[in-house]
Amino acid sequence: ADRVQEMLEDRGLKIIVGESAQEFVGQDRVTGVSVAGETIPADLVVVATGVKANVELAKEAGIDLGQTGGIKTGPRMETSVEDVYAAGDCVQSINMITKRPMLCQLGTAAVKQAKVAGTNAAGGYTIFPGVLGSAVTKLFDIEVGVTGLNQFFANRAGMQTVAGALSSKTKADYYPGGLPIRIKIVVEKESHRLVGGQIIGGEAVTQRINALSFAIQKQMTVQELAKADTAYAPPVNETWEPMIQAAEIAIRRL
């Protein structure tokens, strides 16, 4: 997050953290926001305060809620009321790593849950395996991707972890047009399993986050990732895939 903040500030954004907005300034329309002892001029203010599961209908139907406040379902997405299924932002999911419930309010999770719920409601049988919270976004010319747990949340879940991180390029160093990319992987010390990854770069972030997500889901060890057979050509990648290099760094810290 610190690196993303630095990159955004380099592109002209002013980011204030650890402070609360005291006041919206203006009469007929907003003209500024008072925060951290100053008034910042503004023509438009966007307030993003998070997402809350809408469970009113579930409550009225007598459906059980989970400890996260979301609707509690089994792996087939069936609720506590027989033949009633739920999916999407209102449902709590199970984290594949910690096995604990969480709210994963992402479109990708909602679509997969809906497919499982629909199949089972129609008489079929399939299960939803859980979530890793894999996500990607683009800010200006920066792609940012995450999957699994970062070290803070892994440690909070009771794991001891090491990390492997490095900065590289998206093409061979001598090939024109390569963009910076930074990869960090998180490894549980005891089992050597991959439990998380974060990537920041100018391109090719989504494919790598998807690969790390699959590796985590299959409970791959960092040694197995380090021996993965990866592709190379100067216009599209380094000789040594950056994920492999990050894995080798993590191995040396175990």
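Residues 43 to 296 (my numbering) are what the sequence shown spells out, left to right.
A virtual CB, placed ideally from N, CA and C, is assigned to each residue, including glycine.
Considering only DSSP beta bridges, list what ILE169 is partnered with.
Per DSSP, none; premise fails for ILE169.
Considering only heavy atoms of the ligand SAH, does any lie closer than 7 Å to the CB of THR179?
The ligand SAH is not part of this structure, which contains no ligands at all.
In whole angstroms, what separates the C-alpha of LEU50 from that of GLY175?
23 Å
For GLY149, three-class secondary structure by DSSP:
helix
Report the partner residues of GLN240 according to the DSSP bridge assignment.
VAL188, LYS226
GLY239 and GLY190: beta carbons closer than 8 Å?
yes
Between the alpha carbons of ILE184 and CYS132, how many angstroms are there, rounded?
30 Å
Here's the rule I'm using: 16 or more other beta-carbon atoms within 10 Å means buried, otherwise exposed. How should GLU232 be labelled?
exposed
I need the straight-line Cα distance from TYR217 to ILE169, nearest angstrom please.
45 Å
Under 8 Å by Cβ, that's how I've got GLN109 and GLY130 pegged, so tell me the actual separation to the nearest angstrom.
Actually they do not touch by this definition, with Cβ atoms about 18 Å apart.
What first and last residue would you give for the beta strand (DSSP E) that runs through PRO83?
80-83
Considering only residues of the stretch 228-295, which uninterrupted alpha helix (DSSP H) runs meet the minimum length of 4 residues and lie entirely inside it, listed in chain order?
247-259, 264-268, 284-294
Which of helix, strand or coil does DSSP assign to PRO161?
Reading the sequence as shown, one finds Thr at residue 161 and not Pro. Helix.
Quick one: what does DSSP say LYS141 is sitting in, helix, strand or coil?
coil
Below 8 Å on the Cβ atoms is my guess for ILE58 versus ALA84; work out the distance and round it to an integer in Å.
About 13 Å separates the two Cβ atoms, so there is no contact after all.
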